[in-house]
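Below: one structure, written as structure tokens.
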Amino acid sequence: MAVQPPDLATARGADPAADPLDATATGPARASRRRGTGKGLWIPGTILGLIVLACFAWPLVYRDLPSPTAGSLLAANLPPFSPGHLLGTDPLGNDIVSRLLHGGRVSLEVGLTSNAIGLLLGGSLGMFAAFRGGWLETVTMRLLDMLIAFPSLVLVLVVSTYLTPSKLNVIWAISFFSIPTFARLARAATLRLREQVYVVAARLAGQRDGAILLRHIAPNVLPQLLTYSLLWVAAAIAIEASLSFLGFGVPASEPSWGMMISRGQAYISSNPELVLIPSACLFLTIVCLNTLGDALRARTGAP
Amino acid sequence: MTAGNGTGRPLLEVRNLVQEFVVRAHGGVRGGVVHAVSDVSFEVRAGETLGVVGETGSGKSTMVRSVLQAPPPKSGEVWFQGVDLAGARKRRDLVAARRQMQAVFQDPYGSLDPKWTVFSIVEEPLAAYRTGDRRQRRARVEEVLDLVGLDPSVFGDRKPGQLSGGQCQRVAIARALTLAPALIVCDEAVSSLDVLSQAQVLNLFERLRAELGLSYLFIAHDLALVKQVSDRVAVMYLGTLCEVGPAEELYRNPLHPYTKALLDSIPSPDPERPRPRVPDELAGEPPSPLDPPSGCRFRTRCPRAAEICAVEAPPVRAARPDHTVACHFPLSPAAPVSPVEQSGDSAAE
Amino acid sequence: MTTQIQPDTATRTADPDAPLLTIENLEVTFRTRDALVHAVRGVDLTVHAGQTLAVIGESGSGKTVTSRAVMGLLPRTATVRGSIRLGERQMVGLGEKELRRCLGREVGMIFQDPARSLNPTMRIGNQLTEAIRVHLPMSRRQARERAVELLAMVRLPAPARRFHEYPHQLSGGMRQRVMIAIALACQPGLLIADEATTALDVTTQAQIMDLLLDLQQRFAMGLVLISHDMGLAASYADQVAVMYAGRVVERAPTRRMIAHVRMPYTRALLDATPRLERPPHAPLPVISGRPPDLRVLDPGCAFAPRCSRSQDRCQHERPELTEREPRHEWACFFPCADDSLPGEDER
Numbered sequence: 314m315a316v317q318p319p320d321l322a323t324a325r326g327a328d329p330a331a332d333p334l335d336a337t338a339t340g341p342a343r344a345s346r347r348r349g350t351g352k353g354l355w356i357p358g359t360i361l362g363l364i365v366l367a368c369f370a371w372p373l374v375y376r377d378l379p380s381p382t383a384g385s386l387l388a389a390n391l392p393p394f395s396p397g398h399l400l401g402t403d404p405l406g407n408d409i410v411s412r413l414l415h416g417g418r419v420s421l422e423v424g425l426t427s428n429a430i431g432l433l434l435g436g437s438l439g440m441f442a443a444f445r446g447g448w449l450e451t452v453t454m455r456l457l458d459m460l461i462a463f464p465s466l467v468l469v470l471v472v473s474t475y476l477t478p479s480k481l482n483v484i485w486a487i488s489f490f491s492i493p494t495f496a497r498l499a500r501a502a503t504l505r506l507r508e509q510v511y512v513v514a515a516r517l518a519g520q521r522d523g524a525i526l527l528r529h530i531a532p533n534v535l536p537q538l539l540t541y542s543l544l545w546v547a548a549a550i551a552i553e554a555s556l557s558f559l560g561f562g563v564p565a566s567e568p569s570w571g572m573m574i575s576r577g578q579a580y581i582s583s584n585p586e587l588v589l590i591p592s593a594c595l596f597l598t599i600v601c602l603n604t605l606g607d608a609l610r611a612r613t614g615a616p
Numbered sequence: 096m097t098a099g100n101g102t103g104r105p106l107l108e109v110r111n112l113v114q115e116f117v118v119r120a121h122g123g124v125r126g127g128v129v130h131a132v133s134d135v136s137f138e139v140r141a142g143e144t145l146g147v148v149g150e151t152g153s154g155k156s157t158m159v160r161s162v163l164q165a166p167p168p169k170s171g172e173v174w175f176q177g178v179d180l181a182g183a184r185k186r187r188d189l190v191a192a193r194r195q196m197q198a199v200f201q202d203p204y205g206s207l208d209p210k211w212t213v214f215s216i217v218e219e220p221l222a223a224y225r226t227g228d229r230r231q232r233r234a235r236v237e238e239v240l241d242l243v244g245l246d247p248s249v250f251g252d253r254k255p256g257q258l259s260g261g262q263c264q265r266v267a268i269a270r271a272l273t274l275a276p277a278l279i280v281c282d283e284a285v286s287s288l289d290v291l292s293q294a295q296v297l298n299l300f301e302r303l304r305a306e307l308g309l310s311y312l313f314i315a316h317d318l319a320l321v322k323q324v325s326d327r328v329a330v331m332y333l334g335t336l337c338e339v340g341p342a343e344e345l346y347r348n349p350l351h352p353y354t355k356a357l358l359d360s361i362p363s364p365d366p367e368r369p370r371p372r373v374p375d376e377l378a379g380e381p382p383s384p385l386d387p388p389s390g391c392r393f394r395t396r397c398p399r400a401a402e403i404c405a406v407e408a409p410p411v412r413a414a415r416p417d418h419t420v421a422c423h424f425p426l427s428p429a430a431p432v433s434p435v436e437q438s439g440d441s442a443a444e
Numbered sequence: 134m135t136t137q138i139q140p141d142t143a144t145r146t147a148d149p150d151a152p153l154l155t156i157e158n159l160e161v162t163f164r165t166r167d168a169l170v171h172a173v174r175g176v177d178l179t180v181h182a183g184q185t186l187a188v189i190g191e192s193g194s195g196k197t198v199t200s201r202a203v204m205g206l207l208p209r210t211a212t213v214r215g216s217i218r219l220g221e222r223q224m225v226g227l228g229e230k231e232l233r234r235c236l237g238r239e240v241g242m243i244f245q246d247p248a249r250s251l252n253p254t255m256r257i258g259n260q261l262t263e264a265i266r267v268h269l270p271m272s273r274r275q276a277r278e279r280a281v282e283l284l285a286m287v288r289l290p291a292p293a294r295r296f297h298e299y300p301h302q303l304s305g306g307m308r309q310r311v312m313i314a315i316a317l318a319c320q321p322g323l324l325i326a327d328e329a330t331t332a333l334d335v336t337t338q339a340q341i342m343d344l345l346l347d348l349q350q351r352f353a354m355g356l357v358l359i360s361h362d363m364g365l366a367a368s369y370a371d372q373v374a375v376m377y378a379g380r381v382v383e384r385a386p387t388r389r390m391i392a393h394v395r396m397p398y399t400r401a402l403l404d405a406t407p408r409l410e411r412p413p414h415a416p417l418p419v420i421s422g423r424p425p426d427l428r429v430l431d432p433g434c435a436f437a438p439r440c441s442r443s444q445d446r447c448q449h450e451r452p453e454l455t456e457r458e459p460r461h462e463w464a465c466f467f468p469c470a471d472d473s474l475p476g477e478d479e480r
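Residue numbers (our numbering), protein chains in the order written: chain A, 314 to 616; chain B, 96 to 444; chain C, 134 to 480.
Right, here's the structure in full:
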């Protein structure tokens, strides 16, 4: 039997003094209610910050970093801790540290951009559809459902095969199915918000639909989409890795973590570190993104 | 005291309002129709407060939303200051009319966007109607916040989450007041507040009525509350109005058996009043608006129901001056009973 | 009723005058991130068999926290001090397992929102059967028979048919009846109704209250009504306790309390309640201000800042709840005089 404190259901975010049981009430999360701060947030946050900093800023600062693709075959297969090559080199003589940093850049770029596209396009599509309702909503959502129903990897494969393999096309391909996911999420959130009294009140106050969507709905939907997008960045990076692994990813001139794993695979018995090192980076990044997303979700109370 | 009684047209005139919703059963296959509001007519005169009481599912909130055109009713006319809102083809007419008709809702937190500051919440109607420049708007917002008893310098920058329920409701009232409306619609506006803040807000409503000459359409389930603020009271049951009359008279001599049952059910702090007693017929609860009874909607629970009640919906009659009842067998037959046209322009005597 | 359950000996002691529930100096504090919230600050209450006690207060007065402390339903952030005795048994500090065993058997509780207190995915009959079998050694068949009996006892129409329905198929009033049936499954000596009729319509409220009082008399139960509604208390309770800021500030038999209000806060509550007897548009006499911040423990009377009768003494010294007239206790140095209802005789 679910025992809810009924008297407290009229959650008073205002003064915690008035309703001490408030923490147990399942109401809409209020801005003033803070919980779950601390470890879950700053540990993955810091690690991610370091990774991003290393991938994007370090190559700019540290000019002596060897090129990730112009390695010399003379220096092939150097073991870790070789002079000038901290993690050694790959069978083509490319410095692994350099490839890791450049690869991380590609992976993160693909992950973040495809998400930004999904969030913006999908989010606005879902919000607009839900806010308008009627046939527009039905048609939009059914179309997006079709996209979701399609096996994602096959879809991405098709898209990136027909378009030439390039970073931009991989991003588009991945966005292609992050859009429906964000659209559905935005739609669900909007449907709930649309019934909120303050939205009705805004309409009665003479506010135009566009303004309501922009100023009342979007600011309340966005935090939910943002926390969810963190989880999606991880998924996008993983998809990019699988694409590269299958050979449909970004071109060879630009290394990515996924490509490093796929290339290293051939040498897994002799040089397992070629697979293990990029995998570890991928793993760490994805775990951090997931924990951060979870922590933020718990904090904002998004579903 | 009913100001504006008999002088010209009433401020708000609702005629034969009908609102229905189609619901889907599980799986979305079979549909039913919720007869939320069925043929309701009433009016709110300038400067008066019309209270509407009814239980859960009586359709009073739906009725109010229909009057506000959010969403518009299925059929019927809503005349406000000489404009038929339901028939207003041009959006501009509706928007212009809404300026004069504002609303305050039940949930004090839910009716304010949690991300906005009190100042911008109260300013929103001004911004939406592009009224005045920045400085004028600021002055107006501060003026109405003062009016509802919130110090703008203290509360202006707060967000709803930092306010108590009563304070939130004051903000909602301030927002309703910014455009200087003629009518404020209150849908259970004080029901979720504690007794003391409820009394404070009720007194605020009364003060604003006296100072600004406002009219109210005041919806609540609590009869004592409604009596506190109303000049006239309408009793609603299952989508129809049972009885409309002057507050004092309706509470003293109810004509409709349902009104009497409601009055008898209220526990009073007065030790002299007997313990609430519900007649046996009234046991149970209202039928579903999905499948309302034929004829008189109240007949299934009415102690006075006879055959005719199942056959014919009782017409609205003026049983006393300014006091109408929809019942075949009203409780006080002494008064002359004369049928009245359903059109709604019945009352002014 | 065919299956009579033996009353639990722990609650119904040999001495009929012994109280069912004794709360002494109950204090409940909640730990929040930045402060301690003193929600209940020393409450004394007793409930006897067959007696109806109404605990009245606004939100934040501590009335709900008190009732939850009795049921052991407080979150982990709460610290409970003082004594809660059900019959002879001390409830404060009781282990989870023992507590569960007592609850339902000796004390039942119904809540404001019956929709959320029932499991939406279970038929009501099964929920009721389960509640019975948790506490009583009965076969499934016996428990089912008992469940139908209980549903009939709470006057649920067509109990045998309703037995197989889901909560969403019932109206609010019917759900509350089912909740009462579940709470009374083991015939507890004490029933706590926490705003149990607040969400219901007035006509339904009157029916549910009728039912509660009837059952109370039948089983000589103690009944505690937690409510914000003075009218409800005045109409149905034998005794009223008014709470403010975590303390009981006035307690008396109902009629006496209404006729001879002493505590200015009670007076303010009564005056601010809209009544049918009042003419329309008469301004409600209301006090200003808000309830105090429960994080702060002031030395004086918590109501003093809002009180029209307060004097210097009220700021520094807290009045204790004491019996100053026969059976009438209040916590105030400068109580209201008897001018409220002149000529009113005590019954």
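The beta carbon of each residue, even a glycine, is placed where N, CA and C say it ideally should be.
- Indicate the three-state DSSP secondary structure (helix, strand or coil) for Met224(C) in the structure shown. coil
- Message: What would DSSP say about His414(C), mapped onto helix, strand or coil?
- Response: coil
- Member of Ala554(A), Phe561(A), Gln509(A), Leu498(A) whose CA lies at the smallest distance from the CA of Leu660(A): Beyond the ends of chain A as shown, which are 314 and 616, falls residue 660(A); an answer cannot be given.
- Whose CA, out of Val199(B), Arg110(B), Arg193(B), lies closest to the CA of Ser221(B)? It should be pointed out that residue 221(B) corresponds to Leu in this sequence rather than to Ser. Of the candidates Val199(B), Arg110(B), Arg193(B), the one whose C-alpha sits nearest the C-alpha of Leu221(B) is Arg193(B).
- Query: Over what stretch of residues does the beta strand (DSSP E) that includes Gly447(A) continue unbroken?
  - Reply: First-last for Gly447(A): 447-462, but that is the alpha helix (DSSP H), not the beta strand (DSSP E).
- Task: Output, in sequence order along the chain, the residues in the stretch 530-552 of chain A whose CB is closer than 9 Å to any CB in chain B.
- Result: Pro532, Asn533
- In chain order, what residues of the same chain lie with their CB nearer than 8 Å to the CB of Met224(C), ignoring the 5 residues before and after it? Val203, Gly205, Ile217, Arg218, Leu232, Cys235
- Item | Reduced DSSP category for His461(C) - H, G, I as helix; E, B as strand; rest coil | strand
- Message: Strictly below 7 Å CB to CB, what residues from chain C border Lys355(B)?
- Response: Neighbours of Lys355(B) on chain C: none; closest Cβ ~11 Å, over 7 Å.
- Same chain, Cβ closer than 7 Å to Leu538(A), neighbours up to 5 away in sequence not counted: Leu432, Gly436, Phe495, Leu498, Ala499
- Just the C-alpha distance for Ile243(C) and Arg230(B), rounded to the nearest angstrom, thanks. 54 Å
- Task: Return the CA-CA distance between Leu366(A) and Ile550(A), expressed in angstroms with no decimal places.
- Result: 17 Å
- Message: For the alpha helix (DSSP H) containing Cys235(C), name the first residue and the last one.
- Response: 229-235
- Query: Looking only at its own chain, which residues have a Cβ that is under 6 Å from the Cβ of Tyr398(C), when we skip the five neighbours before and after it?
  - Reply: Tyr377, Val382, Phe436
- Taking the continuous alpha helix (DSSP H) assigned at Gln293(B), which residues delimit it? 290-307
- For His449(C), three-class secondary structure by DSSP: helix
- Query: Of all Cβ atoms in chain C, is any one closer than 7 Å to the Cβ of Ala442(B)?
  - Reply: Any reading at Ala442(B) needs caution, since the residue's pLDDT is 39, under 50, leaving its predicted position unreliable; the model's value is listed next. No, its Cβ sits nowhere closer than 7 Å to a Cβ of chain C.
- Indicate whether at least one CB of chain C lies closer than 7 Å to the CB of Lys155(B). no
- Query: So what does Met196(B) bridge to, in DSSP terms?
  - Reply: Leu278(B)
- Message: Tell me which residues of the stretch 192-211 of chain B have at least one Cβ-Cβ distance to chain F shorter than 9 Å, keeping chain order.
- Response: Absent from the structure: chain F. Protein chains present are A, B and C.
- Based on Cα-Cα distance, which residue from Pro404(A), Asn603(A), Glu508(A), Thr402(A) lies nearest to Arg445(A)? Glu508(A)
- Rounded C-alpha distance that separates Asp335(A) from Thr165(C): The pLDDT assigned to Asp335(A) is 37, lower than 50, so where the model puts this residue is not dependable, and the model offers no usable value.
- Item | Delimiting residues of the beta strand (DSSP E) encompassing Asp377(C) | First, the residue type needs correcting, since residue 377(C) is Tyr and not Asp in the sequence shown. First-last of the beta strand (DSSP E) with Tyr377(C): 372-377.
- Test: Thr395(B) CB closer than 7 Å to a CB of chain C: no
- Query: So with Cβ pairs under 7 Å, would you call Glu219(B) a contact of chain A?
  - Reply: yes
- Query: Hey, out of Glu328(C), Ala329(C), Ile313(C), whose CA is closest to Leu348(C)'s CA?
  - Reply: Ile313(C)
- Message: Out of Phe596(A), Gly606(A), Asn584(A), which one is the CA nearest neighbour of Leu405(A)?
- Response: Asn584(A)
- Message: Are the CB atoms of Gly390(B) and Ala408(B) within a distance shorter than 7 Å?
- Response: yes
- Item | Secondary structure of Glu108(B), DSSP reduced to three states | strand
- Message: Looking at the strands, I want to know which residues DSSP matches up with Ser170(B).
- Response: Val113(B)
- Message: So, with DSSP's three-state summary, where would you put Leu219(C)?
- Response: strand
- Can you tell which of Pro349(B), Asp246(B), Asp134(B) has the C-alpha that lies nearest to the C-alpha of Lys169(B)? Asp134(B)
- How long is the line joining the alpha carbons of Asp334(C) and Arg174(C), rounded to whole angstroms? 34 Å
- Task: Measure the CB-CB distance between Thr336(C) and Ser360(B) and report whether it falls below 7 Å.
- Result: yes
- Query: Alpha carbon to alpha carbon, what distance is there between Ser215(B) and Arg253(B)?
  - Reply: 10 Å
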